Each structure stands twice: as structure tokens, then as C-alpha cells.
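A.B. asks:
Residue numbers (our numbering): 19 to 422.
1) Any idea what DSSP makes of residue 227, helix, strand or coil?
2) Could you check how far apart the C-beta atoms of residue 228 and residue 126 are, in whole angstroms? I think they sit under 8 Å.
3) Within the segment 249-279, note down every full beta strand (DSSP E) run reaching 3 residues or more, in order along the chain.
4) Thinking C-alpha only, which one of 57, 220, 287 is nearest residue 90?
5) Taking the alpha-carbon of residue 77 as reference, which of 224, 312, 299 has the nearest alpha-carbon?
6) Could you spell out where the alpha helix (DSSP H) holding residue 236 opens and where it closes?
7) In angstroms with no decimal places, state the Cα-to-Cα distance between residue 395 and residue 382.
8) With a CB to CB cut of under 7 Å and the five nearest residues on each side skipped, what residues in its chain are close to residue 189?
9) Measuring only the C-alpha atoms, how far is residue 25 from residue 132?
10) State buried or exposed for residue 146, treating a residue as buried only when at least 16 other CB atoms are found within 10 Å of its CB.
11) Could you give the residue range of the beta strand (DSSP E) that holds residue 163?
12) Closest to residue 360 by CA distance: which of 81, 421, 315 is it?
13) Using 8 Å as the Cβ pair cut-off and three pairs as the minimum, do the segment 94-112 and the segment 57-70 touch?
14) What is the rounded straight-line gap between the Cα of residue 222 and the Cα of residue 182?
15) So if DSSP puts residue 176 in a beta bridge, which residue, or which two residues, is it bridged to?
16) Going by alpha carbons, who is nearest to residue 350 out of 417, 230, 168?
17) Is it the case that the Cβ atoms of residue 255 and residue 271 are separated by a distance below 8 Å?
18) Answer yes or no: do residue 335 and residue 411 have a C-beta to C-beta separation smaller than 8 Å?
19) Which residue's Cα is closest to the Cα of residue 353: 345, 250, 238, 367?
20) Out of 192, 311, 115, which one is the CA nearest neighbour of residue 151?
21) State the start and end residues of the unbroken beta strand (DSSP E) segment that holds residue 144.
22) Please name the residue in 376, 264, 418 whose C-alpha comes closest to that of residue 63.
23) Residue range of the alpha helix (DSSP H) that residue 149 falls in?
24) Please state the DSSP three-state secondary structure of residue 380.
25) Since residue 396 sits in a beta bridge, which residues does DSSP pair it with?
26) At a cut of 8 Å, does the segment 367-378 reach the segment 43-62 through at least three beta carbon pairs?
27) Return the bridge partner residues of residue 208 from the DSSP annotation.
28) Do the segment 232-251 and the segment 202-221 make contact, defined as three or more Cβ pairs closer than 8 Å?
29) Taking the C-alpha atoms as reference points, what is the distance between residue 217 and residue 247?
30) Keeping to the same chain, check which residues put their C-beta closer than 7 Å to that of residue 387; ignore five residues upstream and five downstream.
31) Does residue 20 come out as helix, strand or coil in the three-state DSSP assignment?
32) Taking the C-alpha atoms as reference points, what is the distance between residue 258 and residue 41?
33) Taking the runs of the alpha helix (DSSP H) that are 4 residues or longer, which of them lie wholly in the segment 292-336?
34) In angstroms, rounded to a whole number, what distance separates the CA positions of residue 9 and residue 194?
35) Below 8 Å between beta carbons: does that hold for residue 305 and residue 402?
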């Protein structure tokens, strides 16, 4: 008989953790031993939270704004979120349709926990940000994977709308979509987004839309927000937050937008999960949304330069198939020829690269399910100097393992 503390819910053993944190942990171990580690692994801006937002946080502390707030978030922040979405996307969001959450993962949790039941199916892209596949499994539902199309170095990745259509069954509850996309750096076009909404209308489905990277757009990317559709209230649960745009990952502040009848119910779930979002972070969120956004524009411009540098340098490595991406801050090059030549799987490639050259990238398999076995993910949220040095080490590693 198992001891009671070991008799936890077995579903936890079936969940995949976010592998980025595993690799980052090992990278820190290597760095603590004196190795010069270059990490392309972390999915957060390397630029600190801007000083004017830190000052706003200090002000909230000085004013002792440190207690519980409304579960759905303070009204001034919900007003600011609605104003932002309505100005940016021409939507008609009301403040009582906004729930402030503990990070955007909190928004994803509310959206999925409120709707998914055992035996339900939810369609997710392959690859995808793992929270959508893993949370659905925890809730007893089944993630159904729709592989993206790889169109080569010139065109990158796209949705396979026909494949998504074929996966819809009478058990399908909805489709979860991250756009701009993690891990590929793709921006699914307005036409693709419209086709997903058409499927939602035709089959009475939910769309869980994660647009956390909506301000990281390059080369005039054709981006259309799901919150911009006139009938968004009928189908869309909209997730976004402050982590990426304002470099506030540790402040844990996100939001979910849904029709008013739904947010009332979601607030009941939220109060029984985290009571309320962080009080100090909420004050900072208001300041961020109502700032002049110059910090954001400067950061996105810097990331664009890094994107170009990383893409250029990777293209110089024989066997790398590289598309430069149009959104977020990731590249997802295909390295199947290198893996085949070296007789390695992608996770072994990544581990050996880290241990031998002290360079961290993530295996495509960290973004379930099968699609990523020929790919690795790079974050370019690091300096151009480190990008150049890191790719130099990767080139050396590739030459060594393919010449044996």
C-alpha cells in the first residue's frame, strides 16, 4: 500500500513540464561552475522592467497598496485594458468583460477550467506552447494536435486549415491558438484567422486566443486579432498580459476577456484559486497601458535587429534551414539533415550542445507533440554580441559531430 503522500493524482505523471525551465536550470549550474554560458532558451525579454514602471511599483508599496483587491482586478486597470483593446483593434470590450489574472497562464487556466470536461477534445497546433495541451490533459480532456505546415526557408510556417477541419468531431469543444506563435515565430495571416473563426461559427466552437506577443511584429506582418471580430463574444476567450510587452514576467499580471455573463462565472473560479491578482502589479499595469509606449517601440526595434542578425548567422551553418520569422522573439530552424548525419535525436543534440559548448537552445519536442523532432527553438532576447558568439559555437559543434 502506498503512503498517503505518495498517492497523488496519477494524471500529474502524464503532464510535460515546461522544458525551458529544465534547460535553464542546468545552464545556471554550468554558469555557477565558471562556464561562459550563452542561452537562447529563455522566453522573456532580457531588458529589465523599465524604471518608470518600477517606480510605480515602489509608489504602490509606499502607499501600502498591499492588500487584497477585487478578484476580477481593480476597475481602473480593467478600464485601461478595455481602452487599449478598443483603441488598438477597434473592438467594443467593456471593463466588466475583463478579468485580471495572475499571469497569462492564469487566463489560460480560467478559460480551460471553465469549459473543458472529461472526454472533451480541444484542437491545438503542433508545435504549441505546452500549457494548452497539458492543462487540457489535467482537466481530463484530450488535446488533438493539428500539425503546422512547414513551407521552407522562404515562407516558414502556416496553419493547415483543412487538417484542423478534419479533426473536428462531436467531442470538439474548441481550438486553442497562440498568435504570434511560440515557438515558430510565425504570424498567422488575417485570412487564416478568419478561416478559424468561420470554423468556430460553423461548428459552434470556442476559440481560446493567446495573443501575448501581439506587439512583437516585424516586416509589416499581417496580424488580425480575434478580439476584432464583431461576434467575438459568441466564440472567443481572449488571453493576453504584460509579461512580454512591458518586460514584466515576474510581476505575474495577465487578463482574460470574455462576455459579461462568462466573466461573472470565471470570477467565482478565480476567487477559489488565487483570491486576486497581485495588488502592486495591477497599479503598474495601469501605468504601463497609459504610458506613451516609447519603451515598447524601442524594445521591438531592438529585437527586430537581433532577429535579422540571428537569422543571418544561422543561415551560414551548413544543414540549417532557417526562416526569419515575423513575430514574437523566436526562430525555429529545421536541422533534420544535421541530426541524420550525426545520428542524433534532437534532445540529445541540444543536451550535448549545452554540455560541450555551453550554448542553450530548446528542442522542438519541448513544444508537443511530434512536429518539433526536426527543429530547435532560439529566443533572440539576448544581445547581438552573444548571438554572434553563440552561433559561432554552434557552427563548431555541428562541424565536429557531422565530420565523425
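Ideal Cβ positions, reconstructed from N, Cα and C, are used throughout, including at glycine. Since the model is a prediction, treat every value here as computed from it, not as a measurement.
C.D. replies: In terms of the structure at hand:
1) Position 209 of the chain shown, counting from 1, holds the residue named residue 227. Strand at residue 227.
2) In the chain shown, the residue the question calls residue 228 occupies position 210. In the chain shown, the residue the question calls residue 126 occupies position 108. So it is a contact: roughly 7 Å between Cβ atoms.
3) Contiguous beta strand (DSSP E) elements confined to the segment 249-279 occur at 254-259, 272-275, taking only those with 3 or more residues.
4) The residue labelled residue 90 in the question sits at position 72 within the chain shown. Nearest option by C-alpha distance: 287.
5) Within the chain shown, residue 77 is the residue found at index 59, counting from 1. Ranking the options by Cα distance to residue 77, first place goes to 299.
6) Looking up residue 236 in the chain shown gives position 218. It is not in any alpha helix (DSSP H) - residue 236 carries neither H nor E in the DSSP assignment.
7) Your numbering for residue 395 matches position 377 in the chain shown. Your numbering for residue 382 matches position 364 in the chain shown. Their Cα atoms are separated by approximately 6 Å.
8) Locating residue 189 in the chain shown gives position 171, counting from the first residue. If we look at residue 189 and ignore the five residues flanking it on each side, its Cβ neighbours are 137, 138, 139.
9) Translated into positions along the chain shown, residue 25 becomes position 7. Translated into positions along the chain shown, residue 132 becomes position 114. Using only the alpha carbons, I get a separation of about 26 Å.
10) Position 128 of the chain shown holds residue 146. Buried is the call here.
11) Position 145 of the chain shown, counting from 1, holds the residue named residue 163. Residues 160-165.
12) The residue you call residue 360 lines up with position 342 of the chain shown. For residue 360, the nearest C-alpha among the options comes from 421.
13) With the cut-off at 8 Å, the segment 94-112 and the segment 57-70 do not touch.
14) Locating residue 222 in the chain shown gives position 204, counting from the first residue. Locating residue 182 in the chain shown gives position 164, counting from the first residue. So the alpha carbons of these two residues sit roughly 14 Å apart.
15) Position 158 of the chain shown, counted from the first residue, corresponds to residue 176. In the DSSP output, where bridge partners are listed per residue, residue 176 has 167.
16) As a working note, residue 350 is residue 332 in the chain shown. Residue 350 has its Cα closest to that of 168, out of 417, 230, 168.
17) Residue mapping note: residue 255 aligns to position 237 of the chain shown, counting from 1. Residue mapping note: residue 271 aligns to position 253 of the chain shown, counting from 1. No, the Cβ-Cβ distance between residue 255 and residue 271 is not below 8 Å.
18) Looking up residue 335 in the chain shown gives position 317. Looking up residue 411 in the chain shown gives position 393. Not closer than 8 Å, so no.
19) Here residue 353 corresponds to residue number 335 of the chain shown, with the count starting at 1. Among 345, 250, 238, 367, the Cα nearest to that of residue 353 is on 367.
20) Along the chain shown, one-based indexing puts residue 151 at 133. Considering only alpha carbons, the answer is 192.
21) Numbered from its first residue, the chain shown carries residue 144 at position 126. First-last of the beta strand (DSSP E) with residue 144: 139-144.
22) Within the chain shown, residue 63 is the residue found at index 45, counting from 1. Ranked by how close their Cα comes to the Cα of residue 63, the residues 376, 264, 418 have 264 in first place.
23) Position 131 of the chain shown, counted from the first residue, corresponds to residue 149. Where residue 149 is concerned, the enclosing alpha helix (DSSP H) stretches over 149-156.
24) For the purposes of this step, residue 380 is taken as the residue at position 362 of the chain shown. Residue state, collapsed to three classes: strand.
25) Sequence index remark: in the chain shown, residue 396 carries index 378 (1-based). In DSSP, residue 396 forms a bridge with 349.
26) yes
27) By one-based count along the chain shown, residue 208 stands at place 190. Paired residue(s): none; residue 208 is not in a bridge.
28) yes
29) Stepping through the chain shown from its first residue, residue 217 is reached at position 199. Stepping through the chain shown from its first residue, residue 247 is reached at position 229. So the two alpha carbons sit approximately 14 Å from each other.
30) Here residue 387 corresponds to residue number 369 of the chain shown, with the count starting at 1. 144, 163, listed in sequence order.
31) In the chain shown, residue 20 corresponds to position 2, counting from 1. Residue state, collapsed to three classes: coil.
32) Sequence index remark: in the chain shown, residue 258 carries index 240 (1-based). Sequence index remark: in the chain shown, residue 41 carries index 23 (1-based). Between residue 258 and residue 41, the C-alpha separation is close to 26 Å.
33) 297-307, 312-333
34) For the chain, the structure presents residues 19 to 422; residue 9 sits outside this window and is missing.
35) The sequence position of residue 305 within the chain shown is 287, counting from 1. The sequence position of residue 402 within the chain shown is 384, counting from 1. No; because the gap between Cβ atoms is not below 8 Å, this pair is not in contact.
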